[in-house]
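Numbered according to this note's numbering, the sequence shown spans residues 71 to 277.
Note that the Cβ used here is the ideal one computed from N, Cα and C, for glycine as well.
For reference, the structure discussed in these notes is given below.
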Amino acid sequence: MCYNGLAQGFIYATVPTLVFDKSQKFLVFAILGGVNALNSLFFGKLSDLFARRVFIFAFGAFAHLIIFGLLLLLWKPPLDQNRMEIFIILIIGLSIGDTIYTTLIYSVIGIFYAETRPADAFACLRIFVAGSTAIGFIEQVFLTIPMQILCLILPMSASIITLIYEHYFVVSIDTGKSRKPIEKKNKEEVEVETQHQLILTTLSIKA
């Protein structure tokens, strides 16, 4: 969630500063809007059919990593304003990663909290994303573009590692089912029940 917000802050705060001409800037963000709409439909449907959200998340992170690598190593700002293809590749790559994270995070939260408190879960999501986006706007003022990119690569790596661990060792992000062994789950349930009984016994003795 936090990386998603930071990435959106980079897209809407830093990318506009790379495009000097206003007409080019409007065209770049018009392309962003169109690509976002298409990506949302495509990757949303793909996640339903493929049912391997970890790999789709990883693809989104890889798309961002390619763009960050190009900005650090090849397209070092200030960018050549006569090469419109640079801005198109830049915005499409960022759009792919951003759309995947946004679409699949909503999907995963819908799976995890469908039967409990979905409104609270989505409210917390918006708080984290909006707060991280605000941090992204602040970074644009105080940090250079290479530093901003490094500050994005670190949470992006942490998010993928966390998702992989969560999916394979804790709870599946595809189905919402626990990965814990049945014996371990039963043992934990027995321990919790025993603690409750001890508390009730203690309260009854005091009464």
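According to DSSP, what are the bridge partners of residue i?
i, result
"S248", "V241"
If you count every other CB in all the chains shown that lies within 10 Å of the CB of residue i, and 16 or more means buried, which is it?
i, result
"P148", "exposed"
"E155", "exposed"
"R196", "exposed"
"N152", "exposed"
"G79", "buried"
"Q210", "buried"
"A131", "buried"
"S229", "buried"
"A299", "Within the shown structure, residues of the chain are numbered from 71 to 277, placing residue 299 beyond reach of any answer."
"T214", "exposed"
"T87", "exposed"
"S165", "buried"
"S117", "buried"
I think residue i touches residue j, with their Cβ atoms under 8 Å apart; what is that distance to the nearest whole Å?
i, j, result
"F113", "T186", "Contact flag wrong, Cβ pair sits at about 26 Å."
"L144", "P216", "About 13 Å; that fails the 8 Å criterion."
"G163", "I205", "G163 to I205, Cβ: 22 Å. No contact."
"T127", "L233", "According to the sequence as given, residue 127 is Phe; it is not Thr. Indeed, because the Cβ distance is near 5 Å, the residues count as touching under 8 Å."
"L222", "L102", "Contact flag wrong, Cβ pair sits at about 17 Å."
"S110", "T169", "5 Å"
"V98", "I161", "5 Å"
"Q94", "F192", "The Cβ separation is near 36 Å, so there is no contact."
"A133", "G167", "4 Å"
So, helix, strand or coil for residue i, using DSSP?
i, result
"L88", "helix"
"E185", "coil"
"N152", "coil"
"L144", "coil"
Could you name each continuous beta strand (DSSP E) segment of 3 residues or more that falls completely within the segment 102-130, going from the start of the chain to the end? none
Going along the chain, which unbroken runs of the alpha helix (DSSP H) with 4 or more residues stay wholly within the segment 151-238? 154-182, 188-212, 215-235
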